[in-house]
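Novice: Got a structure here, written out as structure tokens. Questions coming.
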Amino acid sequence: MFCVQCEHTIRTPQGVGCSFAQGMCGKTAEVSDLQDMLVHLLQAVSLYAQAARKVGIVDAEIDEYVPQAFFSTLTNVNFDPARIIAFSERAGALRNRLKSQYEATCKAQGMAPEKLPAAAEYQLPSAKTVMLSDALQFALNRQKKEVGEDVIGLRLLCLYGLKGAAAYIEHARVLGQTDAEVAGKFHDVMAYLATAPTDMGQLFQTAMDIGTLNYRIMEMLDTGETGTFGHPEPTRVNLRPVKGKAILVSGHVLHDLEKILQQTAGKGINVYTNGEMLPAHAYPAFKQYPHLVGNYGTAWQNQQKEFAAFPGSIVMTSNCIINPDVGQYKSRIFTRSIVGWPGATHIEGDDFTLAIEAALAMPGFEKDEPPHYTTTGFARNALMAAAPAVIDQVKAGNIKHFFLIGGCDGSKSERSYYTELAKAVPNDSIILTLACGKYRFNDLEFGDINGIPRFLDVGQCNDAYSAIQLALALADAFGCGVNELPLSLVLSWFEQKAIVILLTLLALGIKDIRVGPTAPGFLTPNLVKVLNEQFGLKLISTVEQDLKDILQAA
Numbered sequence: 004m005f006c007v008q009c010e011h012t013i014r015t016p017q018g019v020g021c022s023f024a025q026g027m028c029g030k031t032a033e034v035s036d037l038q039d040m041l042v043h044l045l046q047a048v049s050l051y052a053q054a055a056r057k058v059g060i061v062d063a064e065i066d067e068y069v070p071q072a073f074f075s076t077l078t079n080v081n082f083d084p085a086r087i088i089a090f091s092e093r094a095g096a097l098r099n100r101l102k103s104q105y106e107a108t109c110k111a112q113g114m115a116p117e118k119l120p121a122a123a124e125y126q127l128p129s130a131k132t133v134m135l136s137d138a139l140q141f142a143l144n145r146q147k148k149e150v151g152e153d154v155i156g157l158r159l160l161c162l163y164g165l166k167g168a169a170a171y172i173e174h175a176r177v178l179g180q181t182d183a184e185v186a187g188k189f190h191d192v193m194a195y196l197a198t199a200p201t202d203m204g205q206l207f208q209t210a211m212d213i214g215t216l217n218y219r220i221m222e223m224l225d226t227g228e229t230g231t232f233g234h235p236e237p238t239r240v241n242l243r244p245v246k247g248k249a250i251l252v253s254g255h256v257l258h259d260l261e262k263i264l265q266q267t268a269g270k271g272i273n274v275y276t277n278g279e280m281l282p283a284h285a286y287p288a289f290k291q292y293p294h295l296v297g298n299y300g301t302a303w304q305n306q307q308k309e310f311a312a313f314p315g316s317i318v319m320t321s322n323c324i325i326n327p328d329v330g331q332y333k334s335r336i337f338t339r340s341i342v343g344w345p346g347a348t349h350i351e352g353d354d355f356t357l358a359i360e361a362a363l364a365m366p367g368f369e370k371d372e373p374p375h376y377t378t379t380g381f382a383r384n385a386l387m388a389a390a391p392a393v394i395d396q397v398k399a400g401n402i403k404h405f406f407l408i409g410g411c412d413g414s415k416s417e418r419s420y421y422t423e424l425a426k427a428v429p430n431d432s433i434i435l436t437l438a439c440g441k442y443r444f445n446d447l448e449f450g451d452i453n454g455i456p457r458f459l460d461v462g463q464c465n466d467a468y469s470a471i472q473l474a475l476a477l478a479d480a481f482g483c484g485v486n487e488l489p490l491s492l493v494l495s496w497f498e499q500k501a502i503v504i505l506l507t508l509l510a511l512g513i514k515d516i517r518v519g520p521t522a523p524g525f526l527t528p529n530l531v532k533v534l535n536e537q538f539g540l541k542l543i544s545t546v547e548q549d550l551k552d553i554l555q556a557a
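Put into structure tokens, the structure is as follows:
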């Protein structure tokens with residue numbers, strides 16, 4: 004195996020990347036290699052989808068399937084080799100079907116089919132042993148000696164950014180939001196990467212194109228969520244358990260939470276959110292369910308302790324699952340959609356009876372704990388409604404600076420930086436946050452500035468769209484560019500969704516972003532230098548030094 008897509012990538016004097024029997028995330032070499040093969044097959048589908056579009060063939064099933072299956076290769080999503088093989092088998096079948104349609108259409112139109120790269124024609128073997136042998140030719144670093152580390156790094160920046168975009172396309176699709184133009188551009192990038200490109204200028208431009216594409220995808224997702232569940236409203240959420248039977252819902256998919264709430268109504272089961280599902284409490288559609296009682300636990304890396312202690316069943320709706328054998332709760336965790344763990348029960352469709360029955364069989368919480376609250380729900384509409392008051396306070400000199408401190412959380416001790424930074428931010432500053440990085444400080448009290456809360460939880464990682472809208476509104480109000488605002492972005496990254504959000508911000512021209520706790524392993528020192536020169540991208544240092552530099556530059 005060779006994998007370098009997440010922040011836990013193994014780094015040794017011999018090189019950077021997980022290349023052993025098992026990665027740091029728990030992914031086996033077998034699963035990693037099968038995922039490389041799946042990516043190759045999906046690129047083959049995209050090569051034909053790109054060609055087919057030129058003769059008027061647009062296949063909605065393929066447009067939806069390719070990002071969905073690609074999503075299964077993200078960090079902490081699917082660890083089940085049988086499921087990965089099934090994804091690959093379907094990808095091969097769809098490619099063969101599209102190939103036949105394309106060639107038949109070309110013949111009917113009196114034209115020769117386009118000669119596609121060899122990658123378009125790979126046939127999946129029937130035996131897993133042969134698949135694993137073939138997978139070696141798809142290793143992501145296979146041409147490092149020929150093309151150099153910088154080219155490999157840029158390819159991976161594009162590939163991993165596109166993986167993040169695929170996740171958001173799938174989240175939007177679940178809520179009824181699809182776009183043939185977006186799908187076409189997605190296929191274009193997949194097809195381009197299938198050719199093993201070496202032009203660094205074109206690769207860099209492709210990375211920016213992925214960021215631009217993702218901005219549109221985040222807009223689609225925002226439309227799907229607000230159109231289905233209403234616009235989030237600032238809402239206090241209890242972070243402590245209450246007495247009774249319990250189901251815990253983790254991941255990102257609000258659709259699944261709604262179905263679980265509907266199916267548990269009147270059954271004496273309390274429903275809790277976990278991780279990135281915390282912002283669900285702010286949507287009006289969920290306020291009608293009194294048995295949605297609060298949020299349990301923190302970020303994904305703590306689940307092996309927190310899930311083990313949870314006295315009910317657990318539903319994992321999307322990415323962020325880790326080994327449930329540690330903590331021995333595999334018998335009561337249920338996976339959904341593209342999520343998978345070997346031996347864990349997978350739920351197909353929208354019937355959550357198995358998870359409900361498991362919750363009823365568990366003891367639940369024996370007593371109420373004293374409540375402790377956080378506030379979430381400062382998404383696009385809420386931020387826009389508050390913007391005039393915020394602008395007045397800025398003009399009056401009461402608000403001096405805005406800090407966006409957010410992104411993915413993780414287990415490294417260096418991530419205490421984000422807690423300490425939030426604590427050290429001056430009292431005349433506003434803190435915006437999003438994604439599971441918020442758990443580093445969202446249980447702290449920050450007070451307010453003349454009625455405006457100093458701590459504004461924007462929502463999930465995909466709600467970066469809301470934060471961008473606020474920045475654009477402030478820039479418009481003050482008649483300046485976003486980069487001239489007293490706004491500093493200090494981001495934490497872990498996996499590929501964070502990568503594509505960073506690409507989105509860069510594509511929008513936002514500069515001087517700080518990111519940590521370390522640089523992505525696939526970004527060589529040369530590439531980090533280029534990003535610094537072109538965008539002012541910096542790695543975090545110390546809280547004291549970064550705050551000094553930020554405030555002096557303001």
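Going by the numbering used here, the residue at position 402 of the sequence shown is 405; the numbering climbs one at a time, nothing skipped. The C-beta atom is built at its ideal place from N, Cα and C for all residues, glycine as well. Computed from a predicted structure; not experimentally measured.
Between which two residues does the alpha helix (DSSP H) containing Val69 stretch?
Specialist: Here residue 69 refers to the residue found at position 66 when the sequence shown is read from its first residue. Residues Ala63 to Phe74.
Novice: Check the C-beta distance from Arg383 over to Asp225 and give it rounded, since I have them as a contact under 8 Å.
Specialist: Residue mapping note: residue 383 aligns to position 380 of the sequence shown, counting from 1. Residue mapping note: residue 225 aligns to position 222 of the sequence shown, counting from 1. Arg383 to Asp225, Cβ: 7 Å. Contact.
Novice: For Ala312 versus His294, is the C-beta spacing smaller than 8 Å?
Specialist: On the sequence shown, position 309 is the one that residue 312 refers to. On the sequence shown, position 291 is the one that residue 294 refers to. The answer is no: Cβ separation not under 8 Å.
Novice: Looking only at C-alpha atoms, which of Glu92, Leu242, Ala358 and Gly278 sits nearest to Ile263?
Specialist: The residue given as residue 263 occupies position 260 in the sequence shown. That would be Ala358, whose Cα lies nearest to the Cα of Ile263.
Novice: Name the residue from Val296, Leu447 and Gln104 whose alpha carbon lies nearest to the alpha carbon of Lys57.
Specialist: Taking the first residue of the sequence shown as position 1, residue 57 is located at position 54. The residue among Val296, Leu447 and Gln104 with its C-alpha nearest the C-alpha of Lys57 is Gln104.
Novice: What is the rounded straight-line gap between the Cα of Thr132 and the Cα of Val177?
Specialist: Sequence index remark: in the sequence shown, residue 132 carries index 129 (1-based). Sequence index remark: in the sequence shown, residue 177 carries index 174 (1-based). Approximately 35 Å, taken between the alpha carbons.
Novice: Between Asn277 and Gly300, how many whole angstroms is the CB-CB distance? I'm expecting something under 8 Å.
Specialist: As a working note, residue 277 is residue 274 in the sequence shown. As a working note, residue 300 is residue 297 in the sequence shown. So it is a contact: roughly 5 Å between Cβ atoms.
Novice: Are the beta-carbon atoms belonging to Gly409 and Leu437 less than 8 Å from one another?
Specialist: For the purposes of this step, residue 409 is identified with residue 406 of the sequence shown, where counting begins at 1. For the purposes of this step, residue 437 is identified with residue 434 of the sequence shown, where counting begins at 1. Contact flag set, yes.
Novice: Have a look at Ser414, Ser334 and Tyr286 and flag the residue whose alpha-carbon is nearest the alpha-carbon of Phe381.
Specialist: Looking up residue 381 in the sequence shown gives position 378. Taking only the C-alpha atoms, the option nearest Phe381 is Tyr286.
Novice: What's the call for Phe23, buried or exposed, on a 16-neighbour Cβ count within 10 Å?
Specialist: Taking the first residue of the sequence shown as 1, we reach residue 23 at position 20. The residue in question, Phe23, is exposed, as its Cβ has fewer than 16 Cβ neighbours within 10 Å.
Novice: Alpha carbon to alpha carbon, how far is Pro520 from Cys439?
Specialist: Here residue 520 refers to the residue found at position 517 of the sequence shown. Here residue 439 refers to the residue found at position 436 of the sequence shown. One C-alpha to the other measures close to 15 Å.
Novice: With Val19 and Gly524 assumed to form a contact (beta carbons below 8 Å), what rounded beta-carbon distance in angstroms separates them?
Specialist: Taking the sequence shown and counting its residues from 1, one reaches residue 19 at position 16. Taking the sequence shown and counting its residues from 1, one reaches residue 524 at position 521. The pair is a contact, with the Cβ atoms about 4 Å apart (cut-off 8 Å).
Novice: Between which two residues does the alpha helix (DSSP H) harbouring Gly227 extend?
Specialist: For the purposes of this step, residue 227 is taken as residue 224 along the sequence shown, with counting starting at 1. Where Gly227 is concerned, the enclosing alpha helix (DSSP H) stretches over Met203 to Phe232.
Novice: Please name the residue in Lys551, Val533 and Asp552 whose C-alpha comes closest to that of Gln208.
Specialist: Position 205 of the sequence shown, counted from the start, is the residue given in the question as residue 208. The shortest Cα separation from Gln208 among Lys551, Val533 and Asp552 belongs to Val533.
Novice: Can you check DSSP and say which residues form a bridge with Ser495?
Specialist: Your numbering for residue 495 matches position 492 in the sequence shown. BP columns for Ser495 point to Gly410 and Gly519.
Novice: For Met27, write down the residues that DSSP places opposite it in a beta bridge.
Specialist: One-based indexing of the sequence shown puts residue 27 at position 24. None; Met27 has no bridge partner.
Novice: For Pro391, does the count of other Cβ atoms within 10 angstroms reach 16, so buried, or fall short, so exposed?
Specialist: Walking along the sequence shown from the start, residue 391 turns up at place 388. Pro391 should be labelled exposed.
Novice: Any contact of the stretch 186-195 with the stretch 229-241, i.e. 3+ C-beta pairs under 8 Å?
Specialist: no
Novice: Should the stretch 30-48 be called in touch with the stretch 530-549, which here means at least 3 C-beta pairs below 8 Å?
Specialist: no
Novice: Going by C-alpha to C-alpha distance, which of Leu135, Pro366 and Asn322 sits closest to Val342?
Specialist: Translated into positions along the sequence shown, residue 342 becomes position 339. Taking Val342 as reference, the option from Leu135, Pro366 and Asn322 with the minimal CA-CA separation is Asn322.
Novice: How would you write the range of the alpha helix (DSSP H) that Phe310 sits in, first residue to last?
Specialist: Walking along the sequence shown from the start, residue 310 turns up at place 307. That run of the alpha helix (DSSP H) goes Gln306 to Ala312.
Novice: Do the stretch 503-510 and the stretch 164-176 touch if we need at least three Cβ pairs shorter than 8 Å?
Specialist: Because the criterion of three Cβ pairs below 8 Å is met, the stretch 503-510 and the stretch 164-176 touch.
Novice: Sort Tyr171, Met27 and Lys147 by Cα distance to Ala501 and report the nearest one.
Specialist: As a working note, residue 501 is residue 498 in the sequence shown. Answer by Cα proximity: Tyr171.
Novice: Whether or not the stretch 80-87 and the stretch 337-355 are in contact is what I'm after, with contact meaning three or more pairs of Cβ atoms, one per stretch, closer than 8 Å; do they touch?
Specialist: Because the criterion of three Cβ pairs below 8 Å is met, the stretch 337-355 and the stretch 80-87 touch.
Novice: What's the gap between the Cα of His255 and the Cα of Ala138?
Specialist: The residue given as residue 255 occupies position 252 in the sequence shown. The residue given as residue 138 occupies position 135 in the sequence shown. Whole-angstrom Cα-Cα distance: 31 Å.
Novice: So Gly187 is in the alpha helix (DSSP H); what residue range does that whole segment cover?
Specialist: Counting from 1 along the sequence shown, the entry for residue 187 is found at position 184. Ala183 to Ala197 is the span of the alpha helix (DSSP H), which, as asked, contains Gly187.
Novice: Report the option in Tyr51, Leu511, Val296 and Gly367 whose CA atom is closest to the CA atom of Ala194.
Specialist: Position 191 of the sequence shown, counted from the first residue, corresponds to residue 194. Here the closest residue by C-alpha is Tyr51.
Novice: Label His174 either buried or exposed according to how many other C-beta atoms from any shown protein chain fall within 10 Å of its C-beta, with 16 as the threshold for buried.
Specialist: As a first step, residue 174 must be located in the sequence shown, where it is residue number 171. It is buried - the Cβ of His174 has at least 16 other Cβ atoms within 10 Å.
Novice: Roughly how many angstroms separate the alpha carbons of His349 and Glu261, rounded to a whole number?
Specialist: If you number the sequence shown from 1, residue 349 lands on position 346. If you number the sequence shown from 1, residue 261 lands on position 258. Here the C-alpha atom of His349 lies approximately 18 Å from the C-alpha atom of Glu261.
Novice: Kindly give me the distance between the Cβ atoms of Asn273 and Ala249, rounded to whole angstroms, as I take these residues to be in contact under 8 Å.
Specialist: Taking the first residue of the sequence shown as 1, we reach residue 273 at position 270. Taking the first residue of the sequence shown as 1, we reach residue 249 at position 246. Asn273 to Ala249, Cβ: 5 Å. Contact.
Novice: Inspect the beta-carbon positions of Ile553 and Ser495 and report whether they are closer than 8 Å.
Specialist: The count along the sequence shown starts at 1 and reaches residue 553 at position 550. The count along the sequence shown starts at 1 and reaches residue 495 at position 492. Going by C-beta atoms, Ile553 is not nearer than 8 Å to Ser495.
Novice: By the 10 Å Cβ neighbour count, where 16 or more other Cβ atoms means buried, how is His234 classified, buried or exposed?
Specialist: Numbered from 1 along the sequence shown, position 231 holds the residue referred to as residue 234. Classification of His234: buried, given that the 10 Å Cβ count is 16 or more.
Novice: Rounded to the nearest angstrom, how far is the Cβ of Arg339 from that of Asp259, given a contact under 8 Å?
Specialist: Mapped onto the sequence shown, residue 339 falls at position 336. Mapped onto the sequence shown, residue 259 falls at position 256. Between Asp259 and Arg339 the Cβ distance is about 6 Å, and since that is below 8 Å, they are a contact.
Novice: Based on the DSSP output, what are the partners of Ile455 in its beta bridges?
Specialist: Stepping through the sequence shown from its first residue, residue 455 is reached at position 452. The partner list for Ile455 (beta bridge, DSSP) reads Ile452.
Novice: What's the gap between the Cα of Phe406 and the Cα of Asn79?
Specialist: In the sequence shown, the residue the question calls residue 406 occupies position 403. In the sequence shown, the residue the question calls residue 79 occupies position 76. For Phe406 and Asn79, the distance between alpha carbons rounds to 29 Å.
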